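**Student:** Per our numbering: the sequence shown = residues 68 to 238. All C-beta atoms, glycine included, are put in the ideal place defined by N, C-alpha and C. None of the values given here were measured: they were computed from a predicted structure. Got a structure here, written out as structure tokens. Questions coming.
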Amino acid sequence: MGTCAICGKSGWFLSLPGGVCRECLPGVENKFSEIQSDLKVAHRAIRRVRTLDTRVGYFEDVLRLYEEAAGYAKRGVEIRPVDPETGKPLNCSWEEAIQQQRKAMDEHISEEILEDVQKALAAAKVATSSKKQSAIIHKMLLRIDSFRERMAEPSMLDEAESMITPMLDDE
Ligand SMILES: [Zn+2]
Numbered sequence: 068m069g070t071c072a073i074c075g076k077s078g079w080f081l082s083l084p085g086g087v088c089r090e091c092l093p094g095v096e097n098k099f100s101e102i103q104s105d106l107k108v109a110h111r112a113i114r115r116v117r118t119l120d121t122r123v124g125y126f127e128d129v130l131r132l133y134e135e136a137a138g139y140a141k142r143g144v145e146i147r148p149v150d151p152e153t154g155k156p157l158n159c160s161w162e163e164a165i166q167q168q169r170k171a172m173d174e175h176i177s178e179e180i181l182e183d184v185q186k187a188l189a190a191a192k193v194a195t196s197s198k199k200q201s202a203i204i205h206k207m208l209l210r211i212d213s214f215r216e217r218m219a220e221p222s223m224l225d226e227a228e229s230m231i232t233p234m235l236d237d238e
């Protein structure tokens with residue numbers, strides 16, 4: 068006997084394509100095509116937008132959409148993780164797909180923060196006063212902290228932070 072993953076209706080003769088009854092199917096299909104097109108938008112924006120803050124926001128959109136779809140899978144709807152760009156099914160579980168996205172986001176943040184730290188160090192070195200120098204360093208440390216809060220592995224920013232903290236001892 069089959070039970071619809073959405074409305075819970077069950078019966079011996081209930082046709083359940085993808086784990087969903089005929090009445091619920093159009094709604095579920097609409098929802099998934101909406102998720103798919105939102106995924107595509109977010110994924111493209113990640114490559115297009117300039118500021119790290121905005122880009123991380125789009126990474127978080129991808130994660131939220133993955134988690135939303137994974138929620139349907141958990142209820143018994145047959146839906147596979149898809150590539151955010153092509154929409155093609157990925158050969159992994161939802162859990163793995165979410166982990167991969169989190170990892171990609173963390174790597175992206177740590178790479179860019181490392182570049183920012185190098186720029187901040189260069190700017191601090193040519194700062195005209197120790198007050199200005201200290202302001203640059205503190206601003207960078209705050210920036211590192213604000214991204215740590217959004218990461219699965221915040222320790223990935225330790226290296227970048229350790230490059231800049233010695234500058235504080237010079238004050
Ligand atoms: Zn149903």
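Taking a cut-off of 7 Å, which residues have a beta-carbon closer than that to any heavy atom of ligand 1, in chain order?
**Tutor:** Residues with a Cβ closer than 7 Å to any heavy atom of ligand 1, in chain order: C71, I73, C74, K76, V87, C88, E90, C91.
**Student:** From what residue to what residue does the alpha helix (DSSP H) around F126 run?
**Tutor:** Taken as a continuous stretch (DSSP letters only), the alpha helix (DSSP H) holding F126 covers 119–142.
**Student:** Which partner residues does V149 have in the DSSP bridge list?
**Tutor:** P156.
**Student:** Distance check for W161 and Y125, CA to CA, integer angstroms please.
**Tutor:** Each residue's alpha carbon lies about 19 Å from the other.
**Student:** Helix, strand or coil for G86? Go by DSSP, reduced to three states.
**Tutor:** G86 falls in the helix class under three-state DSSP.
**Student:** Mapping DSSP to helix, strand and coil, what is G94?
**Tutor:** G94 falls in the helix class under three-state DSSP.
**Student:** Quick check on S77: does DSSP put it in helix, strand or coil?
**Tutor:** The answer is strand: DSSP assigns S77 an E or B state.
**Student:** Go through its chain and collect everything with a Cβ distance to A112's Cβ below 6 Å, but skip five positions before and after it.
**Tutor:** Once the five neighbours on either side are set aside, the close Cβ partners of A112 are Y125.
**Student:** Does the beta-carbon of R89 have 16 or more other beta-carbons within 10 angstroms, so that it is buried, or is it exposed?
**Tutor:** Flag for R89 reads exposed.
**Student:** I'd like to confirm the pairing. Which residues does DSSP put opposite T70 in its beta bridges?
**Tutor:** DSSP output for T70 lists S77 as bridge partner(s).
**Student:** Please report the residue range of the alpha helix (DSSP H) in which R169 lies.
**Tutor:** Taken as a continuous stretch (DSSP letters only), the alpha helix (DSSP H) holding R169 covers 161–192.
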